[in-house]
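Single-structure report; data block below.
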Amino acid sequence: MTAPHPEPPQVRIALGDRSYDILIGDGLLSRPSTWAGLPAASSALIVSNTTVAPLYAARLREALAARYRSIFEVVLPDGEAHKDWQTLNLVFDALLSHGCDRKTVLFALGGGVVGDMAGFAAASYMRGVPFVQVPTTLLAQVDSSVGGKTAINHPLGKNMIGAFYQPERVVCDLDTLATLPARELSAGLAEVIKYGPIADLAFLDWIEASIDALMRRDRAALAHAVRRSCEIKAEVVGQDEREAGLRAILNFGHTFGHAIEAGLGYGEWLHGEAVGCGMVMGLQLSRRLGLVDEAFARRVTALIARAGLPVVGPALGADRYLELMRVDKKAEGGQIRFVVIEAPGRAAVRGAPDDLVRQVLADCTR
Ligand code: NAD
Ligand code: GLY
Numbered sequence: 029m030t031a032p033h034p035e036p037p038q039v040r041i042a043l044g045d046r047s048y049d050i051l052i053g054d055g056l057l058s059r060p061s062t063w064a065g066l067p068a069a070s071s072a073l074i075v076s077n078t079t080v081a082p083l084y085a086a087r088l089r090e091a092l093a094a095r096y097r098s099i100f101e102v103v104l105p106d107g108e109a110h111k112d113w114q115t116l117n118l119v120f121d122a123l124l125s126h127g128c129d130r131k132t133v134l135f136a137l138g139g140g141v142v143g144d145m146a147g148f149a150a151a152s153y154m155r156g157v158p159f160v161q162v163p164t165t166l167l168a169q170v171d172s173s174v175g176g177k178t179a180i181n182h183p184l185g186k187n188m189i190g191a192f193y194q195p196e197r198v199v200c201d202l203d204t205l206a207t208l209p210a211r212e213l214s215a216g217l218a219e220v221i222k223y224g225p226i227a228d229l230a231f232l233d234w235i236e237a238s239i240d241a242l243m244r245r246d247r248a249a250l251a252h253a254v255r256r257s258c259e260i261k262a263e264v265v266g267q268d269e270r271e272a273g274l275r276a277i278l279n280f281g282h283t284f285g286h287a288i289e290a291g292l293g294y295g296e297w298l299h300g301e302a303v304g305c306g307m308v309m310g311l312q313l314s315r316r317l318g319l320v321d322e323a324f325a326r327r328v329t330a331l332i333a334r335a336g337l338p339v340v341g342p343a344l345g346a347d348r349y350l351e352l353m354r355v356d357k358k359a360e361g362g363q364i365r366f367v368v369i370e371a372p373g374r375a376a377v378r379g380a381p382d383d384l385v386r387q388v389l390a391d392c393t394r
């Protein structure tokens, strides 16, 4: 367990001897105290990509120089299409060619793709080395860097090869969001919005009132969105680290969304865009199951649209959607299981008849 970091604001993930802090704030990357208390080691490996490394790797390297004698760097190709074995191997190549040992600390500097891959590399190199998440997209700050899910994609299914492996710390430097393309900011907002209907109606109200401020990257609004999202995720992960049950609610919109991503080819739609549209489908499924009314479904759909996200899915055909959704990790014995909104602010996982799903797809795709 990494000791609690002395500086607020932070959110703590309480997982016994795997507990850790999420630091959220401005200028964290270059502040030496950000890195205090991490495991001692002689070397560190920064894992980043061709977009993020030129922006932030030097800053991180400089801040880490006082802690590690050797700091290596591996720069991966950018994009979801590279979240695969071949690219993951570049991390192992770097670790082995630099003679990295069991104490070497990996720093995942980038969005969710880098974080998921660096985390999986950390989980498996020498059967596990420490790693730190340094998320630089909104999506990674509010979701993917927190909770220890690491993975790569397989051509037959998203995030199918991976491990649960918790980081030592998560460092959300809000400054990094300044360079994020607008489309990526919207993708991150999808995961922020997700927390409202599944867990916190007051947060949903706040997002509705703050969506314009979030879209123009108002710092205080972003700080609150990241913090509250991390608090909700911490609460869920603290109760169900390995997704025996409750944690699956964090996948609201993801069953439909993963089918969109895989069906179009990874990278065509952003993950957050697919999740945003998947939530619209999940809301319609919940409505058709008689769990929420049309007004609530419309309310959340309108917010998703205001966040600049697509609310109509690609016309892959219902058969293809169903085929892709059967590969989802929540599926049991070939039966697709969906996260539905049981009542506004509360989610559950359940199956649904194929004909109902077909109706939803007919309503929500074009
Ligand atoms: P991403 O990692 O592809 O990053 C999006 C784009 O923004 C990339 O081109 C990246 O290089 C660029 N970028 C990153 N930071 C930047 C910055 N500060 N300035 C400018 N450009 C920047 O995508 P993402 O949306 O961060 O993450 C999506 C991935 O996360 C998916 O693979 C998804 O499966 C995964 N995910 C994992 C979890 C989890 O619990 N592990 C949860 C949600 C999503
Ligand atoms: N993003 C879903 C989870 O972490 O469980």
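Here the sequence shown is numbered in this note's numbering, starting from 29 and rising by one per residue.
Ideal placement from N, C-alpha and C gives every residue a C-beta, glycine not left out.
Owing to the predicted nature of the structure, the values given are computational and were not obtained by experimental measurement.
Using a 10 angstroms sphere on the CB of M154, the tally of other CB atoms stays under 16, which defines it as exposed. Contact holds between the segment 96-103 and the segment 124-137, because three or more Cβ pairs, one in each stretch, are under 8 Å apart.
Shortest gap from the CB of S125 to any heavy atom of ligand 1: 8 Å or more.
A residue is called buried once 16 or more other Cβ atoms fall within 10 Å of its Cβ, and W63 is buried on that count. Counting only unbroken stretches of 4 or more residues, the alpha helix (DSSP H) elements lying wholly within the segment 367-392 are 382-392, in sequence order.
Annotated three-state conformation of S173 is coil, per DSSP. Not one heavy atom of ligand 2 sits closer than 8 Å to the Cβ of R46.
Distances from the alpha-carbon of A191 to those of A146, D203 and A218 put A146 closest. Using a C-beta cut-off of 8 Å, the segment 209-227 makes contact with the segment 296-309, since at least three inter-stretch Cβ pairs fall below that distance. Two segments are said to touch when three or more pairs of C-beta atoms, one from each, lie closer than 8 Å; by this definition the segment 223-239 touches the segment 319-333. For K222, the uninterrupted alpha helix (DSSP H) segment begins and ends at A210 to A227. Contact check for L51 and C200: beta-carbon distance about 7 Å, within the 8 Å limit, so the pair qualifies.
Using a 10 angstroms sphere on the CB of E322, the tally of other CB atoms stays under 16, which defines it as exposed. When the five nearest sequence neighbours on each side are left out, the beta carbons in the same chain lying within less than 8 Å of the beta carbon of G55 are those of D201 and D203, in order along the chain.
In the DSSP assignment, K186 falls within the unbroken beta strand (DSSP E) covering G185 to F192. In this structure, A343 places its C-beta atom within 9 Å of the C-beta atom of T393. Looking from the CA of D171, the closest CA among F284, V340, G140 and M188 belongs to G140. Residue pairing by DSSP places S76 opposite V103 in a beta bridge. Inter-residue distance for A376 and V367 is about 6 Å (C-alpha atoms, whole angstroms). For D347 and P67, the gap between their C-alpha atoms comes out near 50 Å. Leaving aside the five residues that flank Q169 on each side, the residues in its chain whose CB is nearer than 6 Å to its CB run, in chain order, P163, C200 and V254. Close CB contacts of D49 within its chain, under the 8 Å cut and outside five residues either way in sequence, are with T30, P32, H33, Q38, V39, R40, I41, R197 and V198 (chain order). Distance from the Cα of R46 is smallest, within the candidate group T79, K111, W113 and V160, for V160. Excluding the 5 residues flanking it on each side, P60 has same chain C-beta neighbours closer than 8 Å at A91 and A94, in chain order. It is roughly 42 Å from the alpha-carbon of F231 to the alpha-carbon of A122.
In this structure, the straight-line span from the alpha carbon of E101 to that of E269 is close to 30 Å.
Beta-bridge pairing by DSSP links V39 to I50. CA-to-CA, the gap between A109 and G185 works out to about 12 Å. According to the DSSP assignment, F159 belongs to the beta strand (DSSP E) that extends over F159 to P163. Excluding residues up to 5 positions away in sequence, G362 and I364 lie with their Cβ nearer than 7 Å to the Cβ of R354 in the same chain. Q194 counts as buried, since no fewer than 16 other beta carbons sit within 10 angstroms of its beta carbon. Between the alpha carbons of L137 and N117 lies a gap of roughly 17 Å. Going by C-alpha positions, F280 is about 34 Å away from L73. Beta-bridge analysis with DSSP links A179 to G190. Assignment of V141 by DSSP, reduced to helix, strand and coil, places it in the helix class.
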